[in-house]
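Colleague: In our numbering, the protein residues as written are 44 to 287.
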């Protein structure tokens, strides 16, 4: 007896984030755990669907409903395959690309035609790409992860009743391999930053904590932490997190 899957995805660890593709805004959704959970899924497949876009290039409300309906149709049919998994989606300038992986080769274009017989679409496969498209086009960079973290932290603060427009002291944390690296980084900082603490962890990493008062809006935090992340990297360090 064949067991029918209950999910077209490999995990619940999905994130979304904005990027710029060819100077245009794009929105990416991705399963962060897909490659780790099924590294043997070496084949990548895609379905491309057009939509009516608003001024930002994203789908209008009516088109969101239509795209969701088409995605539901695809999901219901692909659940029957036991081998094809959805790993990411890109929306940009009137085009939605849905990406899937599988362990085995499939007659992908024929499968999609059967599922969407009356819908204009394009489809294709990248045989044996071994998650190359996932790595280069879907998975977040260190700067994308920073954007995701900032968005989630800012949303959490607002949900807790904090007014993001009011300035307040914010702590920023960094890791450096040596105290000398941290000292060089400190010398590049705006004098408005306060050095709160610097000490070695048990593994010998130098932990630096600095503080600055500002309104913790998402644009403020994303711009500033991107600068701090880049600055720390110049001295072999890593930006860790921020908090109030």
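C-beta: ideal position from N, C-alpha, C; glycine also.
Count the C-beta pairs between the stretch 73-88 and the stretch 142-157 that are closer than 8 Å, then say yes if the count reaches three, no if not.
Modeller: In short, these stretches touch, since the Cβ pair count reaches three.
Colleague: Give me whichever residues DSSP pairs with residue 139 in a beta bridge.
Modeller: Taking the first residue of the chain shown as position 1, residue 139 is located at position 96. Bridge partners of residue 139: 92 and 134.
Colleague: For residue 254, I'd like the list of residues in its chain whose CB is within less than 6 Å of its CB, leaving aside the five on either flank, ordered along the chain.
Modeller: Taking the first residue of the chain shown as 1, we reach residue 254 at position 211. Taken in chain order, the residues that qualify are 212, 214, 237 and 239.
Colleague: Taking only three categories from DSSP, how would you classify residue 144?
Modeller: As a first step, residue 144 is located in the chain shown; it is residue number 101 there, counting from the start. Correct three-state label for residue 144: strand.
Colleague: What is the DSSP secondary structure of residue 44, counted as helix, strand or coil?
Modeller: The residue labelled residue 44 in the question sits at position 1 within the chain shown. Note that residue 44 has pLDDT 46, beneath the 50 cutoff, so the model's placement of it is unreliable and no number is given.
Colleague: Given residue 127, which residues of its chain have a CB within under 6 Å of its CB, disregarding the five upstream and five downstream residues?
Modeller: In the chain shown, residue 127 corresponds to position 84, counting from 1. These residues qualify, in order along the chain: 121, 143 and 145.
Colleague: Quick one: grab the DSSP three-state call for residue 290.
Modeller: No information on residue 290 is available, as it lies outside the stretch 44 to 287 that the chain covers here.
Colleague: Is it true that the CB of residue 135 sits closer than 8 Å to the CB of residue 67?
Modeller: Against the chain shown, residue 67 aligns to sequence position 24. Against the chain shown, residue 135 aligns to sequence position 92. Taking 8 Å as the Cβ cut-off, residue 67 and residue 135 qualify as a contacting pair.
Colleague: Residue 185 by DSSP, collapsed to three states: which one?
Modeller: Stepping through the chain shown from its first residue, residue 185 is reached at position 142. Helix.
Colleague: Looking only at its own chain, which residues have a Cβ that is under 6 Å from the Cβ of residue 44, when we skip the five neighbours before and after it?
Modeller: By one-based count along the chain shown, residue 44 stands at place 1. Model confidence at residue 44 stands at a pLDDT of 46, short of 50, so the residue's coordinates are unreliable; what they give is reported in the following sentence. Closer than 6 Å at Cβ, skipping near neighbours: no residue.
Colleague: Identify, in the order they occur along the chain, each residue of the same chain with its Cβ nearer than 7 Å to the Cβ of residue 106, setting aside the five sequence neighbours on each side.
Modeller: Your numbering for residue 106 matches position 63 in the chain shown. Cβ neighbours of residue 106 beyond the five flanking positions: 94 and 95.
Colleague: Quick check on residue 85: does DSSP put it in helix, strand or coil?
Modeller: Locating residue 85 in the chain shown gives position 42, counting from the first residue. Here residue 85 sits in coil by DSSP.
Colleague: Pick out whichever of 63, 219 and 262 has its Cα sitting closest to the Cα of residue 133.
Modeller: Start at 1 with the first residue of the chain shown, and residue 133 comes out as number 90. Considering only alpha carbons, the answer is 63.
Colleague: Can you tell which of 81, 101, 79 and 91 has its C-alpha closest to the C-alpha of residue 70?
Modeller: Mapped onto the chain shown, residue 70 falls at position 27. Residue 101 is the option with its Cα nearest to residue 70.
Colleague: Check residue 274 in the structure and name its three-state DSSP category.
Modeller: Along the chain shown, read from residue 1 onward, the residue named residue 274 stands at position 231. Residue 274 falls in the helix class under three-state DSSP.
Colleague: Note down, in chain order, each residue of its chain lying with its Cβ closer than 6 Å to the Cβ of residue 208, except the 5 sequence neighbours on either side.
Modeller: Position 165 of the chain shown, counted from the start, is the residue given in the question as residue 208. The residues are 258.
Colleague: Return the Cβ separation of residue 123 and residue 47 in integer angstroms, given the expectation that the two are a contact with Cβ distance under 8 Å.
Modeller: Position 80 of the chain shown, counted from the start, is the residue given in the question as residue 123. Position 4 of the chain shown, counted from the start, is the residue given in the question as residue 47. Right, their Cβ atoms sit about 7 Å apart.
Colleague: Go ahead and pull the three-state DSSP assignment for residue 104.
Modeller: One-based indexing of the chain shown puts residue 104 at position 61. Helix at residue 104.
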